[in-house]
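*Asks:*
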Amino acid sequence: MNLKVRIKNPVFWVQIILGAFATALAYAGLTAADMTTWAGVWEIIKGTVSNPYCLFLVACNVWSALNDPTTSGVTDSDRAKTYDKPLEE
């Protein structure tokens, strides 16, 4: 995997953060509208980190962000491995 390119791509980070946050909210039965204080956000984060099932779901989201579904297996294409920055078309 060409991780150095992925970490330079803001879309990758948005996907990671939103995937983790949405997982935590869904497991807690909350919506974004329920998060009105930083203390509430922190409680959700603590609850997620202390729950093995939630951590598993977050790991699945991270896996989805890392994996390139257009190639076989879990690796990037040979072309993608040569990139130094995200491809601009």
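According to UniProt numbering, the sequence shown is numbered sequentially starting from 1.
For every residue, glycine included, the Cβ atom is placed at its ideal position computed from N, Cα and C.
1) For the alpha helix (DSSP H) that contains Lys4, what are its first and last residues?
2) Which same chain residues end up closer than 8 Å to Thr70 when comparing Cβ atoms and leaving out the 5 residues on each side of it in sequence?
3) Check whether the Cβ atoms of Gly51 and Ala20 lie closer than 8 Å to each other.
4) Of the choices Thr36, Gly73, Ala65, Ala28, whose alpha-carbon is the least far from that of Gly47?
5) Assuming Asn61 is part of the alpha helix (DSSP H), what are its boundary residues?
6) With C-beta atoms as the reference, is Leu57 less than 8 Å away from Ile44?
*Replies:* Considering the structure as presented:
1) 3 to 6
2) Ser77
3) The residue you asked about is not Gly; residue 51 is Asn in the sequence shown. Not in contact: Asn51 and Ala20 (Cβ atoms no closer than 8 Å).
4) Ala28
5) 52 to 66
6) no
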